[in-house]
Amino acid sequence: MTEIQNPKSEIQNAAGWEPRILAFLCNWCSYAGADLAGVSRLQ
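Using our numbering, the first residue of the sequence shown is number 10, and each one after it goes up by one.
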């Protein structure tokens, strides 16, 4: 079935959209990432 949606409602939905981030990491990757964040001064 085909549905036609209002483009304005799609823009409003996109503005309230928040992504879900999922990561699978090992111990070595987490230490390297924390070290890189510290060197880059990221919070």
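Positions of the beta carbon are idealized from the N, C-alpha and C atoms, including for glycine. Computed from a predicted model, the values in this text were never measured in an experiment.
Taking a C-beta distance under 9 Å as the contact criterion, residue 31 and residue 42 do not qualify as a contact pair. Where residue 46 is concerned, the enclosing alpha helix (DSSP H) starts and stops at 36-49.
If you ignore the 5 residues before and after residue 38, its C-beta comes within less than 6 Å of no other C-beta in its own chain. Note on geometry: alpha-carbon atoms of residue 46 and residue 26 lie some 26 Å from one another.
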